[in-house]
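Quick notes on the structure that follows.
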Amino acid sequence: MLNGLWLGFFIVAAVSALAQWLVGGNAGIFAAMVESIFAMAKLSVEVMVLLFGTLTLWLGFLRIAEKAGIVDWLAKALGPLFLRLMPEVPAGHPAIGLITLNFAANGLGLDNAATPIGLKAMRALQDLNPSPTIASNAQILFLVLNASSLTLLPVTIFMYRAQQGAPDPTLVFLPILLATSASTLMGLLSVAFMQRLRLWDPVVLAYLIPGALVLGGFMALLATLSATALAGLSSILGNLTLFGLIILFLVVGALRKVKVYEAFIEGAKEGFDVAKTLLPYLVAMLCAVGVLRASGALDFGLDGIRHLVQWAGWDTRFVDALPTAMVKPFSGSAARAMLIETMKTSGVDSFPALVAATIQGSTETTFYVLAVYFGAVGIQRARHAVGCALLAEFSGVVAAIGVCYWFFG
């Protein structure tokens, strides 16, 4: 699947460039595409530099957590649930605790912590994979849920809006929460359908129903707070949780007689080894995306969508927010640039800008996640992971548009 997608990016870009040259007379399109290839190769290295530091740091702390028994405790607590959702993962396996930590970090908007934890979890699942180059069911479920972008505190979106002068940066908080819940639910349901998982199992319901009730109560509580209090809570809770995890790992490790410094260095070395294996996968995917963007294929698709929406007699205001949705599966930095451009062009609190912010906060860079997570363990056949992840992504975009019409339309 990844082979076909990667090749398809170049073929679509080539067709688009030829059309612009032969029909539009734009002979400079090929120079722009070649320039984009080298620019994306450079960007891949820049991303790797950041990943080296982040992975080294967090895998060092995770090794302390492992030796202190924290990961094992989480695995035992969630063992009954994952025995149903991931039946091939043995009860108490460390991968379950790491998956739990990854979901918690994603939910709190702690991207820098979530990625290295997720890579560690994927490597743990790879140890159980009977076919090293083919994604297992457990790896697919983990990746799709990770790519569905369940975010409870979208702090980065608040920051972007505040930087652009929004009087109420948290205005999109509840729309993002509703849209990201829809994308995660669709991701879970699609994987459950493909893998014949029994979500109506009493044990699964015993975990999911209380979680839904807690989420609903949390949303009700946040709805009573002022914008200033909500923004303050988001920032404090995210940073406090991040630093609190570090202190928890260190304190519990010290109480368990773990040599925390030596354990950190041991894990940090592993982080360096993991990071250096990712560069070929990043170069391959980012260069393909760069060519697709430079060829004008994305702009052509956007114009086509606008004409279809007008033909159907629907409101077209959301179309101006679609560039963020169209590039988000490929590149987080490109989607961020599209979001900021929409805010500057249309106004930070305009309808397109609000839709774009909600999409940015409730969707994930699906192909980046696929390249990094599967690339880190050498997976070449993704099976139904791509389809389920993109379905979750599409559900998040549709939900974001619908919720924004409900709140702001």
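Here the working numbering is used: the first residue of the sequence shown is 15, the next is one more, and so on.
We treat Cβ as the ideally placed atom computed from N, Cα and C, and that holds for glycine.
Along the chain, where does the alpha helix (DSSP H) containing residue i start, and where does it finish?
{"i": "V333", "result": "First-last for V333: undefined, no H or E at that position."}
{"i": "W325", "result": "311-326"}
{"i": "G201", "result": "187-209"}
{"i": "W153", "result": "Position check: residue 153 holds Gln in this sequence, whereas Trp was assumed. 151-161 is the span of the alpha helix (DSSP H), which, as asked, contains Q153."}
{"i": "Y419", "result": "399-422"}
{"i": "P294", "result": "293-308"}
{"i": "G451", "result": "No information on residue 451 is available, as it lies outside the stretch 15 to 423 that the chain covers here."}
{"i": "T380", "result": "380-383"}
For a quick check, are the C-beta atoms of residue i and residue j less than 8 Å apart?
{"i": "Y174", "j": "L57", "result": "no"}
{"i": "A502", "j": "A161", "result": "This structure leaves residue 502 out entirely; the chain is present only between 15 and 423."}
{"i": "S419", "j": "G132", "result": "The sequence given here has Tyr at residue 419, not Ser. Going by C-beta atoms, Y419 is not nearer than 8 Å to G132."}
{"i": "G74", "j": "A268", "result": "no"}
{"i": "I154", "j": "A399", "result": "yes"}
{"i": "D334", "j": "S360", "result": "yes"}
{"i": "R395", "j": "A149", "result": "yes"}
{"i": "A385", "j": "F24", "result": "no"}
{"i": "A33", "j": "M47", "result": "no"}
{"i": "F66", "j": "F232", "result": "no"}
{"i": "I51", "j": "V305", "result": "yes"}
{"i": "I84", "j": "V274", "result": "no"}
{"i": "W368", "j": "F422", "result": "The amino acid occupying residue 368 in the given sequence is Leu; Trp does not appear at that position. In contact: L368 and F422 (Cβ atoms closer than 8 Å)."}
{"i": "L142", "j": "E102", "result": "yes"}
{"i": "P189", "j": "V417", "result": "yes"}
{"i": "I171", "j": "A403", "result": "no"}
Between the alpha carbons of residue i and residue j, how many angstroms are there, rounded?
{"i": "A27", "j": "F344", "result": "14 Å"}
{"i": "L312", "j": "T194", "result": "24 Å"}
{"i": "L450", "j": "T238", "result": "This structure cannot speak to residue 450, because the chain is shown only from 15 to 423."}
{"i": "R350", "j": "V186", "result": "16 Å"}
{"i": "M54", "j": "A390", "result": "20 Å"}
{"i": "V362", "j": "L191", "result": "19 Å"}
{"i": "E280", "j": "R77", "result": "7 Å"}
{"i": "A339", "j": "V411", "result": "7 Å"}
{"i": "L222", "j": "G258", "result": "26 Å"}
{"i": "K358", "j": "D317", "result": "20 Å"}
{"i": "R320", "j": "R210", "result": "38 Å"}
{"i": "L203", "j": "K290", "result": "35 Å"}
{"i": "S197", "j": "A414", "result": "10 Å"}
{"i": "T356", "j": "F314", "result": "18 Å"}
{"i": "F44", "j": "V29", "result": "11 Å"}
{"i": "P216", "j": "A138", "result": "27 Å"}
{"i": "A152", "j": "P130", "result": "18 Å"}
{"i": "I373", "j": "T184", "result": "14 Å"}
{"i": "M62", "j": "L293", "result": "7 Å"}
{"i": "K90", "j": "L229", "result": "23 Å"}
{"i": "R212", "j": "L69", "result": "35 Å"}
{"i": "T380", "j": "V205", "result": "15 Å"}
{"i": "L405", "j": "G201", "result": "7 Å"}
{"i": "A82", "j": "V158", "result": "29 Å"}
{"i": "L88", "j": "N116", "result": "12 Å"}
{"i": "F408", "j": "R270", "result": "46 Å"}
{"i": "G392", "j": "Y295", "result": "10 Å"}
{"i": "L179", "j": "E60", "result": "The displayed chain sequence assigns Gly, not Leu, to residue 179. Using only the alpha carbons, I get a separation of about 29 Å."}
{"i": "G22", "j": "I113", "result": "32 Å"}
{"i": "W72", "j": "E276", "result": "14 Å"}
Check whether chain C comes within 8 Å of residue i, counting only Cβ atoms and requiring the distance to be less than that.
{"i": "F117", "result": "The question asks about chain C, but that chain is absent: this structure has only one protein chain."}
Subject >> the stretch 36-52 touching the stretch 91-98, judged by at least three CB pairs closer than 8 Å >> reply: By the Cβ criterion, the stretch 36-52 is not in contact with the stretch 91-98, since fewer than three pairs of Cβ atoms, one from each stretch, lie closer than 8 Å.
**OP:** Give, in chain order, every unbroken run of the alpha helix (DSSP H) that is at least 4 residues long and sits entirely within the stretch 62-109.
**Re:** If one requires a minimum length of 4 residues, the alpha helix (DSSP H) runs lying completely within the stretch 62-109 are 84-99, in chain order.
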